[in-house]
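Below is one structure; the comments refer to it alone.
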Amino acid sequence: MASSPLAGSLLVAVGWLAVAVLGLVPTNNAFFARRIAFPLGAAAGVALAAFGLQAVWLPPQILTLPLGLPDLPFHLRVDPLAGFFLMLLGSVSAGISVYAAGYFGNEPSGRLTLISLQYHVFLASMAFVLLADDAYLFMVAWETMALSSYFLVITDHQQPAIRSAGFLYLLIAHLGAIAILLCFGVLHGGRGDYTFDALRAAQLQPAWATVAFLLAFFGFGAKAGMLPLHAWLPEAHPAAPSPVSALMSGIMLKTAIYGMVRVIFDLIGNLRWEWGMVVLTVGAATTLFGVLYALMQHDLKRLLAYHSVENIGIILLGLGMSMVFIGFGHAAAGVLALIAALYHTLNHAVFKGLLFLGAGSILHATGLRNLNDMGGLIRGMPRTAFYFLIGALAISALPPLNGFVSEWLTFQAALQATILQHGVVRSLLPLFAATLALAGALTAMCFVKVYGIAFLGQAREPAHRTPVPHAGDAGRMERYGMAWLAAGCFVLGLFPSSFLLMLNRVGVSLTGQGLSEEALAGSGWLWLVPTSAGQASYSPVIFLVVIAAATLLTFLLVRRFYHGRVRFAAPWDCGYPEQTSRMQDTADAFGQPIRHVFGPLYRMDRRLPGPEDAEPRYSLKVEDRHWYWLYLPVARAAEFVSSKIALLQQGRISIYLLYSFITLIALLVFVR
Amino acid sequence: MGITLLAELVNVLAAFLLLLAFAMLSQRRVLTLIKLLAWQGAALAASTGIVAWSTGQTHLYYSALITVLLKVILIPWVLHRLIDRLFVRWDIETLINIPTTMLIGIGLVIFAFALATPISQMATTLTRSTLGIALASVLLSFLMMIVRQKAVPQVIGFLAMENGLFFAATSATYGMPLVVELGVALDVLVGTFIFGIFFFHIRERFDSLDIRHMEKLKED
Chain A
865 MASSPLAGSL LVAVGWLAVA VLGLVPTNNA FFARRIAFPL GAAAGVALAA FGLQAVWLPP
925 QILTLPLGLP DLPFHLRVDP LAGFFLMLLG SVSAGISVYA AGYFGNEPSG RLTLISLQYH
985 VFLASMAFVL LADDAYLFMV AWETMALSSY FLVITDHQQP AIRSAGFLYL LIAHLGAIAI
1045 LLCFGVLHGG RGDYTFDALR AAQLQPAWAT VAFLLAFFGF GAKAGMLPLH AWLPEAHPAA
1105 PSPVSALMSG IMLKTAIYGM VRVIFDLIGN LRWEWGMVVL TVGAATTLFG VLYALMQHDL
1165 KRLLAYHSVE NIGIILLGLG MSMVFIGFGH AAAGVLALIA ALYHTLNHAV FKGLLFLGAG
1225 SILHATGLRN LNDMGGLIRG MPRTAFYFLI GALAISALPP LNGFVSEWLT FQAALQATIL
1285 QHGVVRSLLP LFAATLALAG ALTAMCFVKV YGIAFLGQAR EPAHRTPVPH AGDAGRMERY
1345 GMAWLAAGCF VLGLFPSSFL LMLNRVGVSL TGQGLSEEAL AGSGWLWLVP TSAGQASYSP
1405 VIFLVVIAAA TLLTFLLVRR FYHGRVRFAA PWDCGYPEQT SRMQDTADAF GQPIRHVFGP
1465 LYRMDRRLPG PEDAEPRYSL KVEDRHWYWL YLPVARAAEF VSSKIALLQQ GRISIYLLYS
1525 FITLIALLVF VR
Chain B
47 MGITLLAELV NVLAAFLLLL AFAMLSQRRV LTLIKLLAWQ GAALAASTGI VAWSTGQTHL
107 YYSALITVLL KVILIPWVLH RLIDRLFVRW DIETLINIPT TMLIGIGLVI FAFALATPIS
167 QMATTLTRST LGIALASVLL SFLMMIVRQK AVPQVIGFLA MENGLFFAAT SATYGMPLVV
227 ELGVALDVLV GTFIFGIFFF HIRERFDSLD IRHMEKLKED
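Given below as structure tokens:
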């Protein structure tokens, strides 16, 4: 049984559910959750990753469960696409679960039991989203996922701010779910049943196919955090406990990408390049906007949340390019862009999970989320600092780590634009690539800021000065969890060819065509060749060797020539003899140039201290413009309409009876 | 007896039913209302019995029997006990004064007949002309529910509406299937008991059965 990936994956999903339920058995449950449930969940994740990996190389498998409604059983299916995402879910969740075992260690047992239940139900529902082969099971799993994550977000529901963040999340999640449901309805078109096979076979008129595409794009985009539906991300991620933020940002957003690929590439099919342009435009806007707002944040988790928005934008750029290429009939280039998008999906899951875990360790150890209060953390928590550095380098797309590979592949796909016949599209694609390049640079700047402000320098506030308050470095389990994901950053960065071949399988199963022969022949363990060896190739291993050699050489030379000659002296103090740690650059200050250049994009609220102020404080609040031009008007309109509708509710039975009476009379008059 | 005579009898009973509906609309005393309801039930049972005899449909006998047991004996008895315990024999205030209500009622009857004429021309049953009356008594009972302010008369209005529906079913298609009738009868019975329980709760809560107090339940 275990040899079949589908049965194995199902077993893992059911196992997660079992762990969730077993955690409720009240004997010594805190111990159970901490020592057994989360580690077991992690082991199940590793198994799921193995099954997913196996499924990528096997033909699709199907299974019909004797569950569900009468005449409406649950259908399961594992194909390479689902296998790839199962691998993502399993491997990333394994690290996060190990981390969670340490992170939640100090929770009181009642809360811990609940968290364990919701956490594992959340994992299992994501597995079922990936396994589902009919719209019915898909929606059930999708909604279970939304609800369980909602309850995880409002773990600290005593605080009103967290409750409202949870509400916003739930609202947007449901808007998306409605759109997805409608999309399935359009695909179904009143014929057949709701299995994905039937939806795949349905022949839609072009207009209806476009409607289905727009609904799917909107619905899954709401969950993924694409512009302008991203508003819940920077609210919900800081509200949730850190392992949950890591799960949501690392994996749940990716199930939305899965849904998008599944519905648009697989179920709707017959891709049109116009759709690709829509995805590209939204993706570019999302990328740029996400990173620009990330730069302005001083709450570490909000900053990471905006980076999730940015990375979703990068993935959308890849998907959009893929649709444009396939729409014009260039399947090989399309598959390359699709591979880039999926690769970035996996990479983002790994490094963003790692970064959120690092932020969680900082929060745990110091109780701080505001970058402006941090500083010099590397002394108190050197290990966390190390893992965070790996994550920061990966997200900044520096070779030889994983973020570079997928962004490089996206660029390679964009460079294929010359083969397109349509002149306008051909000239637009490099523009999108330029957006991506800008975003990459800004991301690097942002993580220089995060790392420099938080870990380097001196502690800023006297209350938080050395040693770092009430705890030291991350605990053992927390470190194992982060180490697992950090190792993932290296593996994905150093051996991209094997993942390229794996994703090529996914591409073949979706579009029926793969990368060019040259690319496949050229990609060995050393070189990564996306199109042909003459055009572009990249070898992370050589890169690593060169970096290591250069570092070693510099180190030896410095040691040889300068050792013992270092002279300590007071630096020039610029005329300020008494320097305090508050004179360091702050997070807000670091972002100022960008804030200046992109000024019109931000809505700022600055408080400058007066000249008489004895304790001068400068405060800056940068707000999302979308709140003012989209969300609040919509909310006001909804409130206005509801207040008018509420007039119907008089509270008098006679009036209510009169309503029914008038309805009855009206029906009798008009329908007879 | 000839079929025409039986049909005439049914028509007479139908007219009686309509008269009772108007009587209920104008009645101010709860005790009398209950009596009128019992009479309505009796008229209904009698007409069902006649239809059963003239068409030879045996299941209608059972339904007539159930009607007698339930609507002439049990429910009026329950309601009697209820108003005894609640001391609400007398009061009835209406939202609209009674002459106006009657005028609206006449309008409803005309409307009901206008509506029922085309339908009853399609029907083949010997009682088809009574469909308009059945519909009119449904609408009149509904009107009664709307204009009454106290809970007990509203429930009586509800039960009277059910009578009208039942009569409509008998006159248009010789009754619903027995199973459905049994189900409806049981629902009415259970509903009466639930209403009874609610009356006590409402009175305990507000010291009155005036449903205006329930406006406070509205969420602002």
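Heads up: the sequence lines are chains A and B, in that order.
Be aware that the first sequence starts at 865, since it is given in our numbering, and climbs by one per residue.
Be aware that the second sequence starts at 47, since it is given in our numbering, and climbs by one per residue.
Where a beta carbon is used, it is the ideal one built from N, C-alpha and C, also for glycine.
Keep in mind that this is a model prediction, so the values were computed, not measured.
Review point. Using a C-beta to C-beta distance shorter than 9 Å, which residues of chain A count as neighbours of residue 179/B?
Key: Simply none; closest approach about 15 Å.
**Study point:** Complete alpha helix (DSSP H) runs within the region 116-150 of chain B (minimum length 4 residues, chain order)
**Key:** DSSP runs (the alpha helix (DSSP H)) wholly in the region 116-150 of chain B: 121-132.
Exercise for review: Please determine, among 159/B, 199/B and 87/B, the residue with the shortest C-alpha to C-alpha distance to residue 128/B.
Suggested key: The candidate whose alpha carbon is nearest that of residue 128/B is 199/B.
Point to revise | residue 881/A Cβ short of 7 Å to the ligand COA heavy atom set | key: As presented, the structure is devoid of all ligands, the ligand COA included, so that no description of it is given.
Practice item. Name, going along the chain, the residues of the region 1512-1526 of chain A whose beta-carbon falls closer than 7 Å to a beta-carbon of chain B. Key: Hits within the stretch, in order: 1513, 1515, 1516, 1517, 1518, 1521, 1522 and 1525.
Exercise for review: Leaving aside the five residues before and after residue 1535/A along the sequence, list all residues of the same chain whose C-beta is less than 7 Å from its C-beta, in chain order.
Suggested key: None.
Practice item. Just the chain A side, please: which residues come within less than 9 Å of residue 132/B by C-beta, in chain order? Key: Correct list: empty, because the minimum Cβ distance to chain A is about 18 Å.
Practice item. Can you have a look at residue 1180/A and say buried or exposed, based on whether 16 or more other CB atoms are within 10 angstroms of its CB? Key: Counting the other CB atoms within 10 Å of its CB gives residue 1180/A a total of 16 or more, which places it among the buried residues.
Check your understanding: Using a beta-carbon distance below 8 Å, is residue 1532/A in contact with chain B?
Key -> By this cut-off, residue 1532/A is an interface position.
Exercise for review: May I ask you to report which of helix, strand or coil DSSP gives residue 1252/A?
Suggested key: In this structure, residue 1252/A counts as helix in the three-state DSSP scheme.
Review point. How many whole angstroms separate the CB atoms of residue 189/B and residue 214/B, which I take to be in contact at a CB cut-off of 8 Å?
Key: In fact, because the Cβ distance is near 16 Å, the residues do not count as touching under 8 Å.
Point to revise | residue 1099/A classed as buried or exposed, judged by whether at least 16 other C-beta atoms fall within 10 angstroms | key: Burial state of residue 1099/A is buried, judged by a 10 Å Cβ sphere holding 16 or more other Cβ atoms.
Review point. Cα separation between residue 1091/A and residue 1149/A?
Key: Distance between the alpha carbons of residue 1091/A and residue 1149/A is about 7 Å.
Review point. By the 10 Å Cβ neighbour count, where 16 or more other Cβ atoms means buried, how is residue 1485/A classified, buried or exposed?
Key: Around the CB of residue 1485/A, fewer than 16 other CB atoms lie within 10 Å, so the residue is classed as exposed.
Practice item. Compare the C-beta of residue 115/B with all C-beta atoms of chain A and state if any pair is closer than 8 Å. Key: Chain A, which has no Cβ nearer than 8 Å to the Cβ of residue 115/B, makes this no.
Point to revise | Status (buried if at least 16 other CB within 10 Å, exposed otherwise) for residue 1360/A | key: Counting Cβ neighbours within 10 Å, residue 1360/A comes out buried, since at least 16 surround it.
Check your understanding: How would you call residue 1411/A, buried or exposed, if buried means at least 16 neighbouring beta carbons within 10 angstroms?
Key -> Residue environment for residue 1411/A: exposed (fewer than 16 other C-beta atoms within 10 angstroms of its C-beta).
Point to revise | Per DSSP, the bridge partner or partners of residue 1402/A | key: Residue 1402/A is bridged to 1392/A.
Exercise for review: May I ask you to report which of helix, strand or coil DSSP gives residue 51/B?
Suggested key: Residue 51/B: helix per DSSP, three-state reduction.
Exercise for review: Count the other CB atoms, across all protein chains shown, that sit within 10 Å of the CB of residue 240/B; report buried if there are 16 or more and exposed otherwise.
Suggested key: Under the 10 Å beta carbon count, residue 240/B is surrounded by fewer than 16 other beta carbons and is classified as exposed.
Point to revise | Residue(s) in a DSSP beta bridge with residue 932/A | key: Here residue 932/A is bridged, per DSSP, to 937/A.
Check your understanding: In the DSSP assignment, what are the bridge partners of residue 1470/A?
Key -> Partner(s): 1484/A.
Practice item. Note down the Cα distance separating residue 81/B from residue 122/B, rounded to an integer number of angstroms. Key: Approximately 7 Å, taken between the alpha carbons.
Review point. Is residue 1397/A helix, strand or coil when you go by DSSP?
Key: Reduced to three states, the DSSP call for residue 1397/A is coil.
Check your understanding: Closest by CA to residue 77/B, which one among 151/B, 64/B, 55/B and 132/B?
Key -> The candidate whose alpha carbon is nearest that of residue 77/B is 132/B.
Check your understanding: Shortest alpha-carbon distance to residue 1056/A belongs to which of 1110/A, 998/A and 1414/A?
Key -> Cα-wise, what sits closest to residue 1056/A is 998/A.
Review point. Taking residue 884/A as the reference, which of 1432/A, 977/A and 926/A has the closest Cα?
Key: Comparing alpha-carbon positions, the option among 1432/A, 977/A and 926/A lying closest to residue 884/A turns out to be 977/A.
Point to revise | Local Cβ density within 10 Å of residue 1500/A, reported as buried at 16 or more and exposed below that | key: Here residue 1500/A is exposed: its Cβ has fewer than 16 other Cβ atoms, across all protein chains shown, within 10 Å.
Check your understanding: Do residue 1107/A and residue 1221/A have their CB atoms nearer than 8 Å?
Key -> A contact, by the Cβ cut-off of 8 Å.
**Study point:** Contact list for residue 188/B against chain A, beta-carbon separation under 9 Å
**Key:** Think of a sphere of 9 Å around the beta carbon of residue 188/B: the chain A residues whose beta carbon falls inside it are 1521, 1524, 1525 and 1528, in chain order.
Check your understanding: Would you report the Cα separation of residue 1334/A and residue 1246/A, rounded to the nearest angstrom?
Key -> Because residue 1334/A carries a pLDDT of 49, less than 50, the predicted location of this residue cannot be relied on, and no value is offered for it.
Review point. Would you say residue 148/B faces chain A, with C-beta separation under 8 Å as the test?
Key: No, its Cβ sits nowhere closer than 8 Å to a Cβ of chain A.
**Study point:** Close Cβ partners of residue 1329/A (< 7 Å) along its chain, the five nearest in sequence each way excluded
**Key:** Interpretation of residue 1329/A is limited by its pLDDT of 49, a score under 50 that renders its predicted location unreliable; the figure taken from the coordinates is listed afterwards. Hits under 7 Å: 1323.
Check your understanding: Under 8 Å between C-beta atoms, does residue 141/B make it to chain A?
Key -> Taking Cβ atoms only, chain A reaches closer than 8 Å to residue 141/B, which makes this a yes.
Point to revise | Any chain B beta carbon closer than 8 Å to residue 1504/A | key: Not an interface residue.
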